[in-house]
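> So that we are looking at the same thing, I have put the structure below in structure tokens.
Number of protein chains: 2
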Amino acid sequence: MDQPSLPMTTNTPEQAEPRQRDSDRSRQLILDAARDEFAGHGLSGARVDRIAASASVNKRLIYYYFGSKDDLFTAVLEAAYAAIRTAEQQLHLTELPPPYAIRRLVEFTWNYYIEHPEFLSLLNSENLHKARHLEHSKQIQTMNTPLIQTLEEILGRGRQAGVFRAGIDPMQLYISIAGLAYFYLSNNHTLSSIFGSNLMTHKAHSERLSHICDVILGYVLSD
Amino acid sequence: MDQPSLPMTTNTPEQAEPRQRDSDRSRQLILDAARDEFAGHGLSGARVDRIAASASVNKRLIYYYFGSKDDLFTAVLEAAYAAIRTAEQQLHLTELPPPYAIRRLVEFTWNYYIEHPEFLSLLNSENLHKARHLEHSKQIQTMNTPLIQTLEEILGRGRQAGVFRAGIDPMQLYISIAGLAYFYLSNNHTLSSIFGSNLMTHKAHSERLSHICDVILGYVLSD
DNA sequence: CATACAATTCACCCAACGGTTAATTAAAGT
DNA sequence: ACTTTAATTAACCGTTGGGTGAATTGTATG
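Residue numbers (our numbering), protein chains in the order written: chain A, 2 to 224; chain B, 2 to 224.
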């Protein structure tokens with residue numbers, strides 16, 4: 002969730018004397034450590050003891066605040082989704098000419114995945130478990146992506162201006178944009194191994210982004 | 002590996018009296034059970050006892066034949082790669098006109114992923130572990146996909162005939178074809194949950210395949 | 001300064017897990 | 001038939017892992 006209100010102290014939030022007990026801080030330390038642990042080892046591979054250790058927190062606290070390993074995973078997922086949704090909304094795509102808006106979305110998606118590899122890994126884990134944590138989460142269900150509406154608006158504008166082809170399904174397009182980036186990055190280890198070339202270099206990255214833009218714009222733009 | 006030669010018996014292979022001991026059969030039972038277990042629960046979530054039970058085999062046999070859980074996983078991966086590579090080679094893409102060849106590859110990839118969801122899951126697991134099993138496998142390293150060469154040939158022919166655009170990188174194209182199918186199918190649970198619609202219906206599948214063909218051909222075909 | 005509650009620690013549980021030792025038995029070779 | 005070897009079983013082991021009960025200590029409040 003978002004930054005919780007600090008407890009009322011006489012001090013300013015910054016430069017506060019280091020309190021020995023701070024539940025918000027502990028929660029956040031746990032969440033951050035859990036995010037990395039789950040992303041690095043998957044849900045089953047993750048170790049609660051390691052999370053506690055790397056958060057510098059007693060293991061019991063994890064159960065005190067989050068109840069169980071599964072509930073902790075749910076909390077991590079919720080935070081991860083909240084983060085990317087928030088970032089998406091900073092894009093202001095509706096204010097851009099349609100082709101630029103699409104390109105911007107592609108570049109954002111690509112860069113976000115590169116900067117947040119743990120997001121990809123968490124989604125993989127959640128899918129392995131058939132999204133059962135998401136199903137149980139009230140938060141994310143309501144967080145029903147407004148991005149599709151935004152995309153629909155952009156596609157409509159582009160179509161009216163005669164620059165986009167007709168009949169594009171915004172959800173399909175969104176999944177394609179995500180998929181073109183996701184697969185390359187999430188499967189980079191097996192792909193690198195099979196193709197015998199390192200896909201994670203700076204050069205390889207910019208080539209891939211360029212290719213993705215070509216594919217998406219090649220599809221969206223009318224001939 | 003491939004079908005091992007049967008031990009010399011006086012009987013025909015089919016209708017053979019059920020031998021009480023059959024190492025090849027046991028190996029295969031273990032491999033099949035392991036494939037499903039690893040795909041269903043990931044490497045860490047998989048249980049050797051469950052594999053033994055569902056293969057109807059004593060747990061000790063797994064270690065007798067495969068050495069360790071990790072080595073078993075490697076064997077499963079090798080078998081999975083061998084299977085898709087074999088299937089790919091049945092396509093005879095070089096005998097088709099370039100646009101048909103591309104479409105055929107797209108349809109094959111899509112259908113193969115649908116029919117072999119465990120393949121996607123195994124790859125996810127392997128990537129979570131940074132492809133360390135693939136790296137240690139001699140088999141797969143040499144299995145260096147001839148599909149890229151095939152694609153290159155098709156792209157060259159299409160270019161010369163003036164129907165394909167210039168400058169297409171076959172590896173990028175392959176990753177895109179795979180990615181457009183993979184992401185939708187592998188992440189269908191989270192996507193279904195977020196979009197609030199079931200992506201695994203027959204109708205949704207055919208819509209997705211049609212979209213992927215549009216995207217890939219929209220990119221590949223010259224205007 | 002006493003009280004009360006929230007945050008944190010400590011020690012512990014036990015089921016499950018990957019793996020192993022050693023005995024046993026079916027079948028191929030002679 | 002007998003021997004040898006490969007396939008299979010039974011029982012066991014040490015450790016790890018998620019989770020808990022209950023005590024303890026910091027801190028805001030009256």
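Note that beta-carbon positions come from the ideal geometry of N, C-alpha and C, so glycine has one too. Just so we're clear, the structure is a prediction, and the values are computed from it rather than from any experiment.
Pick from Ala53/A, Glu108/A, Asp224/A and Ile115/A: whose alpha carbon is nearest that of Arg160/A?
For Arg160/A, the nearest C-alpha among the options comes from Asp224/A.
> Hey, could you find the ends of the alpha helix (DSSP H) Gly163/A is sitting in?
Unbroken run through Gly163/A: none, as it is neither H nor E.
> Under 7 Å Cβ to Cβ from Tyr183/B, same chain only, skipping five residues before and after it: list those, please.
Answer for Tyr183/B: Tyr114 and Leu121, listed in chain order.
> Going by the beta-carbon positions, is the gap between His212/A and Gln173/B smaller than 8 Å?
Contact: yes.
> Does DSSP put Leu78/B in a helix, in a strand, or in coil?
Residue state, collapsed to three classes: helix.
> Considering only residues of the same chain and omitting the five flanking positions on each side of Ala81/B, which have a CB-CB separation below 6 Å?
Excluding sequence neighbours, Ala81/B sits near Phe120 and Leu123.
> Please give me, in chain order, every unbroken run of the alpha helix (DSSP H) with length at least 4 that falls completely inside the segment 87-167 of chain A.
Entirely contained in the segment 87-167 of chain A, the alpha helix (DSSP H) runs reaching 4 residues are, in chain order, 99-116, 118-129, 133-137, 139-143 and 148-161.
> Kindly list the residues whose CB is nearer than 8 Å to the CB of Asn199/A, restricted to its own chain and excluding five residues on each side of it in sequence; keep chain order.
The answer, listed in chain order, is Ser193 and Ala205.
> Can you have a look at Tyr101/B and say buried or exposed, based on whether 16 or more other CB atoms are within 10 angstroms of its CB?
Its Cβ having fewer than 16 others within 10 Å, Tyr101/B is exposed.
> Kindly confirm or deny that the segment 58-67 of chain B and the segment 25-33 of chain B touch, where touching means at least three C-beta pairs closer than 8 Å.
Enough Cβ pairs lie closer than 8 Å, so yes.
> On the CB-based measure, 16 or more other CB atoms within 10 Å of its CB, does Glu15/A come out buried or exposed?
Unreliable placement is indicated for Glu15/A, whose pLDDT of 41 sits below 50; the coordinate value is still reported in the next sentence. Result: exposed.
> Could you name the residues that DSSP lists as bridge partners for Leu222/A?
For Leu222/A, which the question treats as bridged, DSSP gives the partners Phe165/A.
> Helix, strand or coil: which one does DSSP assign to Leu181/A?
Here Leu181/A sits in helix by DSSP.
> What's the call for Ser6/A, buried or exposed, on a 16-neighbour Cβ count within 10 Å?
Note that Ser6/A scores 36 on pLDDT, short of 50, meaning its location in the model is unreliable and no value can be drawn from it.
> Which of helix, strand or coil does DSSP assign to Pro8/B?
Its pLDDT being 40, under 50, Pro8/B is placed unreliably in this model, and the value from its coordinates should be taken loosely. In the structure shown, Pro8/B sits in coil (DSSP, three-state: anything other than H, G, I, E or B).
> Would you mind working out which of Tyr185/A, Ala132/A and Asn188/A sits nearest Asn189/B, comparing C-alpha positions?
When only C-alpha atoms are compared, the closest one is Ala132/A.
> Could you check what DSSP says for Leu200/A in three-state terms: helix, strand or coil?
Residue state, collapsed to three classes: coil.
> If you run the structure through DSSP and keep just helix, strand and coil, what is Ser27/A?
Of the three classes helix, strand and coil, the one that applies to Ser27/A here is helix, per DSSP.
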